[in-house]
Every structure is written in C-alpha cells, then in structure tokens.
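Residue numbers (my numbering): 2 to 240.
From the three backbone atoms N, C-alpha and C, an ideal C-beta is built for every residue, glycine too.
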C-alpha cells in the first residue's frame, strides 16, 4: 500500500511538472489563446481547433464535431437484441407487478428490435483530464446521454453477462481495461512487481511492450461478435 501511495504521488508530481513546463514554453499566439480559453473555463471553445490527421486544423466547429463523430462512432447495419434459451432474464422484481418499462423491455428483446426513440442520444465530448493539450480527436472522450429505458435494458444485459457468462468464462486475470477496480495504474503495478521480484532474486527481466493505436475503436464488429459467441453469449444478443 505504501508503494502504491508513493506511485500515485509521483504521477501527480509529474503531471504538475508537465503542466508547468507547457505553460513556460508557450510561444505561439494559438497556444496562448488556447491556454486563455482553458483557464477561463470555456470548455466549449476547445473543440474549435481540432487537428486533422494530415496536420491541418478544422475550419469550423461543425467540422470538428464531424471528425470526433467519425473517429469515436462506427456505423453498423441493424441493431438487434433477442431472447434466447440463455438470454438475460427480464422479469418483474419480487413483490411487484409487470409495469410499462418491463413490458417495453420484454417486447424489445423478444422482437429483436430497439425503438428509434431509445437509440437517439445526445453526445457530449469531454476533454481528457490527463492531456496537457486538447487539439486532436484522441484528446476527447464521448459521453452518450441516452434514454433511461435503454440504460435500464443495458443494465439488465450487463448483469446477465457478469452473473452468468463471466462466471463460467471469466476474463483473463491480466486484463486491466474496461473492468471495475482495474486501471493503467494496476497494470503498471503488476508489471513493476514482477520486475522487482526478479531483480531481487538476482535475475534479469526482459520486457516486450506493444501499443496498439485505437485498439478498441478499430476492432471489426465481426471479430467482437465471434468472440462473444465463443464465450457463450446468447446468439440473439449478438446478432
């Protein structure tokens, strides 16, 4: 615990130093104007200057939003969910009768169709706190504000995956992404612990580090669907 506390302290100190160096090395007018907007709290102005892959900057806020949407969201043909023999249990709570939300959710699953009103979402792009500058699409993360009915249905499916699928086919213990209680810090802590243990025994440590750019965004849907079926998820939920 003490080492983990010191590690978190070192991260915070390095972030402060990086921010201080960034402020001290501002020379151009564009960087100074961007810093002024940041300190003024005008977060909406950050998406007025998104850098394109070729190095040029977007000409308008509309073009910035289009770049953010194309990078973070991929179009897919058809949205379906269904109830199979091992599908998620959609039933009223104990002591409660079936209400409108329950009936709508059951019909959506049985009909393998999500109503258009449920799929309509308001997307807000929030600057990542870990980035010193916010000039590329990777410096923002999207927050989707969807219907509470769809969120309820997502919670039911998520509970089904955690309580049934992952109980028989758990995730790899070294997977630190997209899991509660895991993060980049836990991944680094696990790697450092192995390195220190080997060095303390007088041995050597050889590491092979690989960074896959945009691994989540660029994963083909058919690959994710195939893995879901192999893991035992009900086919109607994957179709």
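Query raised in the report: Between which two residues does the alpha helix (DSSP H) carrying residue 154 extend?
Result: 149-161
Query - Local conformation of residue 146 per DSSP, three classes - result: strand
Query raised in the report: At which residues does the beta strand (DSSP E) containing residue 138 begin and terminate?
Result: Careful: residue 138 lies outside any beta strand (DSSP E) and carries neither H nor E.
Query raised in the report: In this structure, what does DSSP give as the bridge partners for residue 52?
Result: 58
Requested in this report: Determine, using beta carbons only, whether residue 146 and residue 123 come nearer to each other than 7 Å.
Outcome: yes
Report task. For the segment 134-143 and the segment 56-73, state whether three or more C-beta atom pairs, one from each stretch, are separated by less than 8 Å. Result -> yes
Query raised in the report: Who does residue 123 pair with in a DSSP beta bridge?
Result: 146
Query - Residues near residue 19 by beta carbon distance below 8 Å, same chain, minus five either side - result: 133
Query - Beta-carbon gap between residue 126 and residue 69 smaller than 7 Å - result: yes
Query raised in the report: Taking DSSP as the reference, what is the three-state secondary structure of residue 116?
Result: coil
Query - Whole-angstrom C-beta distance between residue 136 and residue 50, which should lie under 8 Å - result: 6 Å
Query raised in the report: Taking the C-alpha atoms as reference points, what is the distance between residue 138 and residue 65?
Result: 8 Å
**Report entry** C-alpha distance - residue 177 paired with residue 184, whole-angstrom precision
**Finding:** 5 Å
Query raised in the report: Within 10 angstroms of its Cβ, does residue 13 collect 16 or more other Cβ (buried), or is it exposed?
Result: exposed
Requested in this report: Counting only the same chain and skipping the five closest in sequence on each side, list residues whose C-beta sits under 8 Å from that of residue 117.
Outcome: none
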